[in-house]
Amino acid sequence: MESGALLTLVRPEEARKAEFEEITLKYLDSLYGFSLVLTGNSDDAHDLVQDAYLRAYRFYHRYEQITNYKAWLFTITKNLFINRYHQRAREVSLTELEVVEDDPYESPKDVLVAASGRHEKGVFRQDFQRAMDALPEKLRLAVLLKDVEGFDYKEIAEIMSCPLGTVMSRLSRGRNLLKKLLKDYWAGASRQTRLHHAEHAVA
Amino acid sequence: MDDCSAIRKVMHPHLDGELDAKDSMRTQTHLTACPSCREIFLAEKEFLDLLRKHLTPSPAPPSVRVRVASVRSRDVRSDHP
Ligand SMILES: [Zn+2]
Chain A
53 MESGALLTLV
63 RPEEARKAEF
73 EEITLKYLDS
83 LYGFSLVLTG
93 NSDDAHDLVQ
103 DAYLRAYRFY
113 HRYEQITNYK
123 AWLFTITKNL
133 FINRYHQRAR
143 EVSLTELEVV
153 EDDPYESPKD
163 VLVAASGRHE
173 KGVFRQDFQR
183 AMDALPEKLR
193 LAVLLKDVEG
203 FDYKEIAEIM
213 SCPLGTVMSR
223 LSRGRNLLKK
233 LLKDYWAGAS
243 RQTRLHHAEH
253 AVA
Chain B
54 MDDCSAIRKV
64 MHPHLDGELD
74 AKDSMRTQTH
84 LTACPSCREI
94 FLAEKEFLDL
104 LRKHLTPSPA
114 PPSVRVRVAS
124 VRSRDVRSDH
134 P
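Right under this line is the structure:
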């Protein structure tokens with residue numbers, strides 16, 4: 053027994069809620085991954101995602117003015133993190149080695165050669181994740197925002213509140229370090245595989 | 054023609070589509086003319102493709118969905134000043 057009048061009263065609110073759920077849930081995995089890198093542990097990442105969604109829900113009526121919803125969600129999350137975990141964030145930045153401009157350049161050819169012996173997709177994914185986890189936090193964030201989440205440099209600079217040049221340098225250093233780590237894993241792994249095969253051949 | 058070290062510094066921005074039209078054109082011109090930069094550029098591109106293919110967002114644990122659902126069921130306007 054829905055009357056036309058009732059529908060116009062109920063629908064916009066319900067439609068708005070449904071729309072909020074749809075666009076925010078779409079980014080849940082990404083936002084959790086981002087929160088996990090920021091906080092460094094699962095409990096705090098849960099809290100941070102929940103707080104970010106709560107804030108996003110409250111400010112949802114401004115959505116018309118938000119042109120980039122995903123970047124907006126990431127910015128909310130990062131700002132909440134800075135406010136809530138300020139003390140810890142400072143500790144992180146103190147231990148961070150920001151000025152290491154002379155990391156030796158890693159040739160992409162070496163890492164591709166090392167990769168060519170490794171075909172299993174599951175293992176590959178694990179290796180990339182392990183290498184990411186080994187990156188210093190700021191470099192990991194830059195790579196996450198660019199290569200996993202697909203933001204452009206300007207969006208990353210806004211989310212992380214840092215200059216464009218810093219984004220470029222962190223991204224370049226992060227990718228360079230990933231090459232080195234992966235090359236080492238894969239070179240080591242293929243040595244082990246060869247050894248394993250050799251043992252089997254003997255046995 | 055630009056020197057190779059200048060081109061190598063902008064390889065990633067070029068791959069990321071972040072160079073303006075003029076710089077992009079200059080980089081492209083150099084890559085066409087310089088085999089050693091081109092080789093590195095193509096390898097950088099292949100590495101980034103590999104990285105992006107395997108480094109996708111991991112699914113959030115179900116407990117995160119539960120926490121987010123609790124946000125939606127709450128009357129958020131009542132505690133907003
Ligand atoms: Zn060159």
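Chains A and B, in that order, are what the protein sequence lines are.
Sequential numbering of the first sequence, starting at 53, is according to the numbering used here.
Sequential numbering of the second sequence, starting at 54, is according to the numbering used here.
Ideal Cβ positions, reconstructed from N, Cα and C, are used throughout, including at glycine.
Boundaries (first-last residue) of the alpha helix (DSSP H) holding residue i
i	result
S168(A)	It is not in any alpha helix (DSSP H) - S168(A) carries neither H nor E in the DSSP assignment.
G85(A)	80 to 91
D103(A)	94 to 110
K130(A)	121 to 136
D76(B)	74 to 86
K198(A)	Taken as a continuous stretch (DSSP letters only), K198(A) belongs to no alpha helix (DSSP H), as it is neither H nor E.
Nearest-angstrom Cα separation, counted from residue j out to residue i
i	j	result
L119(B)	S94(A)	Residue identity check: residue 119(B) is Val in the sequence provided, not Leu. The straight-line gap from Cα to Cα measures roughly 14 Å.
D73(B)	L216(A)	14 Å
K69(A)	I211(A)	25 Å
S131(B)	A67(A)	The pLDDT assigned to S131(B) is 45, lower than 50, so where the model puts this residue is not dependable; a value taken from the coordinates is nonetheless given after this. About 20 Å.
K161(A)	L103(B)	13 Å
L229(A)	D179(A)	13 Å
R107(A)	K235(A)	42 Å
E148(A)	I208(A)	Because E148(A) sits at a pLDDT of 48, beneath the cut-off of 50, its placement in the model cannot be relied upon, and the following sentence gives the value as read from the coordinates. Each residue's Cα considered, the two are about 19 Å apart.
A167(A)	G240(A)	11 Å
R142(A)	F133(A)	Unreliable positioning characterises R142(A) in this predicted model, as indicated by a pLDDT of 49, which lies under 50. The coordinate reading is nonetheless provided below. The alpha-carbon atoms of R142(A) and F133(A) are separated by roughly 11 Å.
K198(A)	P64(A)	36 Å
F94(B)	T80(B)	10 Å
Option nearest residue i by Cα separation, candidates the options
i	options	result
L164(A)	K198(A), K231(A), S213(A)	K231(A)
F111(A)	Y237(A), G85(A), F72(A), K78(A)	F72(A)
D82(B)	E71(B), L101(B), I60(B)	Going by the sequence as given, residue 82(B) is Thr instead of Asp. Of E71(B), L101(B), I60(B), the residue nearest in Cα terms is I60(B).
E158(A)	P66(B), D73(B), E97(B)	E97(B)
L101(B)	G85(A), L223(A), A70(A)	L223(A)
A186(A)	Y79(A), L233(A), I118(A)	L233(A)
N135(A)	P156(A), G169(A), A104(A)	A104(A)
R177(A)	S111(B), S116(B), S77(B), S123(B)	S111(B)
M135(B)	V117(B), A122(B), R91(B)	Nothing about residue 135(B) can be read from this structure; chain B reaches only from 54 to 134.
C57(B)	T85(B), V124(B), T109(B)	T85(B)
E201(A)	T80(B), V124(B), R105(B), V121(B)	R105(B)
Residue i beta carbon near ligand 2 (any heavy atom closer than 8 Å)
i	result
I211(A)	With respect to ligand 2, the structure offers nothing, as its ligand set consists of ligand 1.
Cβ contact (3+ pairs, closer than 8 Å) linking the stretch 128 to 137 of chain A and the stretch 84 to 99 of chain A: Taking 8 Å as the limit for Cβ pairs, the verdict is that the stretch 84 to 99 of chain A does touch the stretch 128 to 137 of chain A.
Pocket of ligand 1 defined by Cβ to heavy atom distance under 5 Å: Going by the Cβ distance cut-off, the answer is C57(B), C87(B), C90(B).
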